[in-house]
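Each protein sequence line maps, in turn, to chains A and B. So the first sequence is numbered by the working numbering: it starts at 12 and just counts up by one. So the second sequence is numbered by the working numbering: it starts at 12 and just counts up by one. Shown next, in structure tokens, is the structure this report addresses.
Protein chains: 2
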Amino acid sequence: MKWSDLSEERCSVARSVAVIGDRWTLMLLRDCFLGVRRFEDFERRLGISRSIIADRLKTLTDEGVLRREAYQDRPVRHEYRLTEKGVALHPVMMAIVHWGDVHYAGEEGPPLIHRHKACACDFTPVQTCSECGEPVGARDVEVRASGGGG
Amino acid sequence: MKWSDLSEERCSVARSVAVIGDRWTLMLLRDCFLGVRRFEDFERRLGISRSIIADRLKTLTDEGVLRREAYQDRPVRHEYRLTEKGVALHPVMMAIVHWGDVHYAGEEGPPLIHRHKACACDFTPVQTCSECGEPVGARDVEVRASGGGG
DNA sequence: GATGTTAGTTCGGATTTCGAACGGATCCGG
DNA sequence: CCGGATCCGTTCGAAATCCGAACTAACATC
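Shown next as structure tokens:
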């Protein structure tokens, strides 16, 4: 299989990974969730080459995860903002952050603290069942195909 | 910044992405969660070169996400199983799958159905607040630093 | 018209990735 | 004991990708 075939797979992981399964793409998305919107700011924060940033931003825009929006005319300048589809990646980001917090934070503790505005508490994300609301662990889940591959 | 510097960053996304932020790594982990354990099976399912599989499995093993365990002697054969740290990636996987289900499943619907054993319902993952138990969306979260970078 | 700002694109060399071939331990059938 | 078959890797060279530096471009300010 080639990287470019991933999106053809009948598998949601493959299809998602085809879009976001890239080092720098994930780092760009992290910054998007932290409010970064401009090309230069992405560059400053990541310290990687412009061509990569341009390429990834274009891919994400083409995929509808980000949208390019003019924030001034003369000269026209665009900023990159998360679309609804992009915002829908928030649980993915939170899950990644949480895993990193648990397994790679040193004695200093996690680099970022997340506060739930509604209850005003610092929190960690918990994955729950949409039907019964209880927390769901890996061993609580049974997977079955719905007619096709995996 | 270089790819190899990611793990040095004071950022949980960077540290996590340094380990799992790779196309094939994520596909391997998908298969791990589906019960695949042997080198040959990974190869058959992914159809990519052995060197990539060997490399990624080694990285994941070195990182403590998988562990290598002999399942027979003469000749010694090992299988790869998720450690606790690996199982802890389940929410990440579920979140990725769910995003793919929502945004890339065609008319056929999602390729895989997940059932919550405890309540015997097909479900989708919902991210909730560890403190109040309510669902948490991107806009419900306030982020602040805990002393360092981001 | 020189200089600065922001957002890219282009180019060539360094680095990675990947596929195909090879290596090696063991079992089995003859 | 010899030639496959199984299973798990390693090696090597071509191809793809990455990345930094230079370049383009549209304006604004001095």
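Ideal Cβ placement from N, Cα and C applies to all residues, glycine included. Quantities reported herein were computed from a predicted structural model and do not represent experimental measurements.
If you draw a straight line from the Cα of Gln138 (chain B) to the Cα of Gly148 (chain A), it comes to about 12 Å. Taking Phe50 (chain A) as reference, the option from A:Met38, A:Trp110, A:Ala65, A:Thr36 with the minimal CA-CA separation is A:Ala65. Per DSSP, Pro122 (chain A) lies in no beta strand (DSSP E) segment and is marked neither H nor E.
Setting aside the 5 residues that flank it on each side, Cys43 (chain A) is surrounded in the same chain by Leu93, each with a C-beta closer than 6 Å to its C-beta; the list follows chain order. At least one CB of chain A lies nearer than 9 Å to the CB of His114 (chain B). Cβ proximity to chain B below 8 Å picks out Leu37, Met38, Arg41, Phe44, Leu45 from the stretch 37-51 of chain A. For Glu142 (chain B), the three-state secondary structure derived from DSSP is coil. Under the three-state reduction of DSSP, Cys22 (chain A) is assigned to coil, being neither helix nor strand. Between the beta-carbon of Leu40 (chain B) and that of Met104 (chain B) there is about 7 Å, and that keeps the pair under the 8 Å contact cut. Not flagged as an interface residue toward chain B: Ile64 (chain A), since no C-beta distance is shorter than 9 Å.
Contacts between Glu153 (chain A) and chain B, judged by CB atoms closer than 7 Å, involve Arg126, Lys128 in chain order. For Phe53 (chain A), no CB of chain B lies under 9 Å from its own CB, so it is not counted at the interface with that chain. Distance from the CA atom of Leu71 (chain A) to the CA atom of Arg61 (chain A), rounded to whole angstroms, is 15 Å. Assigned with DSSP and collapsed to three states, Asp133 (chain B) falls in strand. Of all residues in the stretch 136-151 of chain A, only Pro136, Val137, Gln138, Thr139, Cys140, Ser141, Glu142, Cys143, Gly144, Glu145, Pro146, Val147, Gly148, Ala149, Arg150, Asp151 come within less than 9 Å of chain B when Cβ atoms are compared, listed by chain position. Each residue's CA atom was taken as its position, placing Asp16 (chain A) and His125 (chain B) some 25 Å apart.
Assigned with DSSP and collapsed to three states, Glu118 (chain B) falls in coil, not helix or strand. According to the DSSP secondary-structure assignment, Arg88 (chain A) is paired through a beta bridge with A:Gln83.
When the beta-carbon positions are compared, Glu80 (chain A) and Lys96 (chain A) stay at least 9 Å from each other.
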